[in-house]
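Trainee: Below are the structure tokens for one structure; questions will follow.
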DNA sequence: TCTTTTAACTTGTGATCACATTTTTCGCAA
DNA sequence: TTGCGAAAAATGTGATCACAAGTTAAAAGA
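Residue numbers (the numbering used here), protein chains in the order written: chain A, 3 to 242; chain B, 3 to 242.
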């Protein structure tokens with residue numbers, strides 16, 4: 003939440019406006035915010051405001067508005083009854099929905115990913131190496147008890163796999179789910195400590211990819227989700 | 003696409019701005035556009051523009067922008083490489099993804115709906131009556147060959163069921179899928195005629211709800227989706 | 001008649017201002 | 001110290017303008 007976007011020098015002094023930059027500014031605000039949410043860097047219930055966001059990114063209010071609107075459209079942000087914008091709170095019912103949706107979608111997406119890399123050996127090699135590297139750092143983060151690094155790396159691990167599917171419709175659905183439970187998960191893990199995360203299914207996931215075994219992969223992904231979500235559910239103080 | 007939003011009389015003459023209305027104007031623009039997309043009233047590839055939309059709804063460009071941005075966020079609209087906004091085109095790969103996602107999500111959502119109405123008999127009665135009425139009109143539309151009415155009523159039928167689940171996370175995911183294939187489906191049905199739609203699973207769906215049989219309901223919903231999507235896939239000229 | 005160039009128009013994006021509410025802050029009294 | 005109420009600051013939303021880039025239409029040349 004403290005990163006800076008290239009503040010086009012024209013903005014401050016002269017009122018030279020227009021497209022200018024190589025990428026739309028609202029896009030940059032959006033991406034940064036999205037990463038922060040998925041990695042759990044923004045606490046549930048935290049209030050955002052158009053003007054504060056704009057100031058932080060050193061842009062006008064317009065890009066901030068559009069980024070907020072976009073995140074709200076996928077359920078990551080909530081507009082309260084009084085028109086206030088906050089990071090979505092979790093409820094028990096919502097958590098159940100997210101779990102069911104993840105279980106329904108992510109194994110399918112994993113299957114697509116495997117199907118695709120099986121046809122592209124070089125890409126498969128890159129994917130496996132990437133997953134192994136992330137998982138190694140993940141283990142270190144867990145042992146270190148580094149919740150922040152864990153959240154970041156865990157999402158990186160899953161999305162490295164999912165992105166390999168080259169299936170944007172499914173990817174967007176899954177991403178919207180992660181945007182919704184990311185902030186909450188981070189809070190729970192922070193409370194429980196990383197020790198509860200030691201027995202994930204990442205090794206099995208990598209194995210299944212290497213072996214090209216789709217059934218095994220989907221089962222491992224599902225198990226990983228179920229285990230992770232159960233860990234959260236068990237913390238009864240989690241939902242307020 | 004020709005409906006009007008209450009044009010607050012203050013807007014035209016005096017520059018009295020601000021919240022004013024009871025509901026945000028961008029929300030109204032969004033809802034209208036969403037309904038039009040799901041019902042297939044906007045053809046794939048059709049170009050939208052902020053200013054034209056604003057003119058049509060008799061609002062300024064701001065509410066139109068936000069509505070467009072929001073629909074783009076869920077994949078209903080595309081921003082082309084040259085910053086043009088169009089109704090999303092369909093591709094073969096995308097259609098496959100949508101089918102898989104629908105098969106994965108909509109039976110689950112149906113199960114949630116049944117589970118909920120089983121606990122609320124009055125609501126269950128209302129739901130069944132509502133479904134029966136819509137299905138009756140649906141049959142008439144099919145016999146009449148009225149593609150427009152069919153698209154409208156078919157979405158009403160499914161969402162009447164889905165809304166009963168009171169599960170907004172899942173509902174939003176499913177809605178985003180319908181927003182993406184609605185325009186395309188309408189084109190295909192328009193080409194094939196409504197005769198190919200005679201053997202849907204709506205009767206079985208209603209039956210299963212009445213009987214409170216979740217397995218039967220989910221199977222019927224899945225069959226309805228698979229059948230509907232296969233109808234589309236078979237039309238090889240459909241995807242351009 | 002067909003191609004090419006140029007001018008007019010349209011469009012998305014960013015900036016800025018206005019207004020009605022909501023939220024916070026601060027001083028005063030009990 | 002604790003409530004309470006009014007002033008002050010902040011916020012979402014809508015309107016409007018500016019600018020650069022894209023699209024379309026027209027005009028000019030072959």
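In this text, a Cβ means the ideal position worked out from N, Cα and C, and glycines have one as well.
Nothing here was measured: the structure is a model prediction, and the numbers come from that model.
1) Bridge partners for residue 80/A per DSSP, in chain order?
2) What are the partner residues of residue 49/B, as DSSP defines its beta bridges?
3) Applying a beta-carbon distance threshold of less than 9 Å, which residues of chain A neighbour residue 91/B?
4) Taking the alpha helix (DSSP H) that residue 205/B belongs to, which residues open and close that run?
5) To the nearest angstrom, how far is the alpha carbon of residue 178/A from that of residue 37/A?
6) Let me check understanding here. Comparing Cα to Cα, which of 78/A, 42/A and 204/A lies closest to residue 148/A?
7) Using alpha carbons as the reference points, say which of 129/A, 69/A and 124/A lies closest to residue 32/A.
8) Report yes or no: is there a C-beta of chain B within less than 8 Å of the C-beta of residue 213/A?
9) So which residues on chain B does residue 205/A lean against when the C-beta distance must stay under 8 Å?
10) What did DSSP end up calling residue 122/A once you bin it into helix, strand or coil?
11) Around the C-beta of residue 201/B, are 16 or more other C-beta atoms found within 10 angstroms, so that it is buried, or is it exposed?
12) Out of 111/A, 137/A, 89/A and 166/A, which has the shortest C-alpha to C-alpha gap to residue 124/A?
13) Is the region 151-159 of chain B touching the region 71-84 of chain B in the sense that three or more CB pairs, one from each, lie closer than 8 Å?
14) With distances taken Cα to Cα, identify the nearest neighbour of residue 153/A among 122/A, 187/A, 135/A and 58/A.
15) Please give the ranges of any beta strand (DSSP E) in the region 87-162 of chain A, keeping only runs that are unbroken, at least 3 residues long and fully inside the region.
16) If the cut is a Cβ gap below 9 Å, which residues of chain B does residue 72/A touch?
17) Short of 6 Å in beta carbon distance, which residues of its chain neighbour residue 191/B, apart from the five on each side in sequence? Order them along the chain.
18) Checking contacts by CB at 8 Å: is residue 156/B closer than that to chain A?
19) If we ignore side chains and look at the alpha-carbon of each, how far apart do residue 53/B and residue 50/A end up?
20) Assign residue 55/B to one of two classes, buried (16 or more other C-beta atoms within 10 Å of its C-beta) or exposed (fewer than that).
21) Could you compute how far the alpha carbon of residue 23/B sits from the alpha carbon of residue 151/A?
22) Can you give the beta carbon distance from residue 105/B to residue 234/B, rounded, assuming they're within the 8 Å contact cut?
23) Distance cutoff 8 Å, beta carbons only. Does residue 169/A sit that close to anything in chain B?
24) If you draw a straight line from the C-alpha of residue 64/A to the C-alpha of residue 189/A, how long is it?
25) Between which two residues does the alpha helix (DSSP H) harbouring residue 30/A extend?
26) Determine, using beta carbons only, whether residue 120/B and residue 214/B come nearer to each other than 8 Å.
27) Can you list the residues of chain A that residue 96/B reaches, using a CB-CB cut of under 7 Å?
28) Using a Cβ-Cβ cut-off of 6 Å (strictly less than) and excluding sequence neighbours within five positions of residue 27/A, which residues of its own chain qualify?
29) Kindly list, in the order they appear in chain A, the residues whose Cβ is closer than 9 Å to that of residue 182/B.
30) Can you say whether residue 93/B is buried or exposed, counting buried as having 16 or more other CB atoms within 10 angstroms of its CB?
31) Which one of 210/A, 180/A, 220/A and 144/A has the shortest CA to CA distance from residue 195/A?
32) Rounded to the nearest angstrom, what separates residue 73/A and residue 114/B at their Cα positions?
33) Beta carbons nearer than 7 Å to chain B: which residues of the region 46-73 of chain A have them?
Mentor: By the coordinates alone:
1) Within the first chain, numbered from 1, the residue matching residue 80/A stands at position 78. DSSP lists 88/A as partners of residue 80/A.
2) Here residue 49/B refers to the residue found at position 47 when the second chain is read from its first residue. DSSP, once it has assigned bridges, lists 88/B as partnering residue 49/B.
3) Residue numbering aside, residue 91/B sits at position 89 when the second chain is read from its first letter. In chain order: nothing, as chain A lies at least about 13 Å away.
4) Position 203 of the second chain, counted from the start, is the residue given in the question as residue 205/B. Looking at the DSSP string, the run of the alpha helix (DSSP H) that includes residue 205/B is 204-213.
5) The count along the first chain starts at 1 and reaches residue 178/A at position 176. The count along the first chain starts at 1 and reaches residue 37/A at position 35. C-alpha separation (whole angstroms): 12 Å.
6) On the first chain, position 146 is the one that residue 148/A refers to. When each option's Cα is compared against that of residue 148/A, the closest is 42/A.
7) Looking up residue 32/A in the first chain gives position 30. The residue with the shortest Cα to Cα distance from residue 32/A is 69/A.
8) Here residue 213/A refers to the residue found at position 211 of the first chain. So no, residue 213/A is outside the interface.
9) Here the question's residue 205/A lines up with position 203 in the first chain. The premise fails here: residue 205/A is roughly 26 Å from chain B at the closest Cβ pair, so nothing lies under 8 Å.
10) One-based indexing of the first chain puts residue 122/A at position 120. In the structure shown, residue 122/A sits in coil (DSSP, three-state: anything other than H, G, I, E or B).
11) Here residue 201/B refers to the residue found at position 199 when the second chain is read from its first residue. It counts as exposed.
12) The residue you call residue 124/A lines up with position 122 of the first chain. When each option's Cα is compared against that of residue 124/A, the closest is 166/A.
13) no
14) Your numbering for residue 153/A matches position 151 in the first chain. It is 187/A.
15) 87-89
16) Looking up residue 72/A in the first chain gives position 70. Residues of chain B passing the Cβ test: 71, 72, 74 and 75.
17) Here residue 191/B corresponds to residue number 189 of the second chain, with the count starting at 1. Answer for residue 191/B: 149, listed in chain order.
18) Translated into positions along the second chain, residue 156/B becomes position 154. Judged by the 8 Å Cβ criterion, residue 156/B is not in contact with chain A.
19) What you label residue 53/B is simply residue 51 of the second chain in a count that begins at 1. What you label residue 50/A is simply residue 48 of the first chain in a count that begins at 1. So the two alpha carbons sit approximately 29 Å from each other.
20) Position 53 of the second chain, counted from the start, is the residue given in the question as residue 55/B. That one is buried.
21) Taking the second chain and counting its residues from 1, the one referred to as residue 23/B is at position 21. Taking the first chain and counting its residues from 1, the one referred to as residue 151/A is at position 149. Reliability fails at residue 23/B, whose pLDDT of 40 lies under 50, so the model's placement of it is uncertain and no value is given.
22) Numbered from 1 along the second chain, position 103 holds the residue referred to as residue 105/B. Numbered from 1 along the second chain, position 232 holds the residue referred to as residue 234/B. About 14 Å; that fails the 8 Å criterion.
23) As a first step, residue 169/A must be located in the first chain, where it is residue number 167. Yes, residue 169/A counts as interfacial toward chain B.
24) Along the first chain, one-based indexing puts residue 64/A at 62. Along the first chain, one-based indexing puts residue 189/A at 187. Between residue 64/A and residue 189/A, the C-alpha separation is close to 31 Å.
25) On the first chain, position 28 is the one that residue 30/A refers to. 27-40 is the extent of the alpha helix (DSSP H) around residue 30/A.
26) Translated into positions along the second chain, residue 120/B becomes position 118. Translated into positions along the second chain, residue 214/B becomes position 212. In this structure, residue 214/B lies closer than 8 Å to residue 120/B by Cβ.
27) In the second chain, the residue the question calls residue 96/B occupies position 94. Within chain A, the residues near residue 96/B are 171.
28) Working through the first chain from its first residue, we reach residue 27/A at position 25. Counting only Cβ-Cβ distances below 6 Å, and skipping sequence neighbours, we find 61 and 65.
29) Here residue 182/B corresponds to residue number 180 of the second chain, with the count starting at 1. Those within 9 Å of residue 182/B in chain A are 171.
30) As a working note, residue 93/B is residue 91 in the second chain. Exposed: under 16 other Cβ atoms inside 10 Å.
31) To locate residue 195/A, count along the first chain from 1; it is residue 193. Residue 195/A has its Cα closest to that of 144/A, out of 210/A, 180/A, 220/A and 144/A.
32) Here residue 73/A refers to the residue found at position 71 of the first chain. Here residue 114/B refers to the residue found at position 112 of the second chain. One C-alpha to the other measures close to 26 Å.
33) 68, 71 and 72
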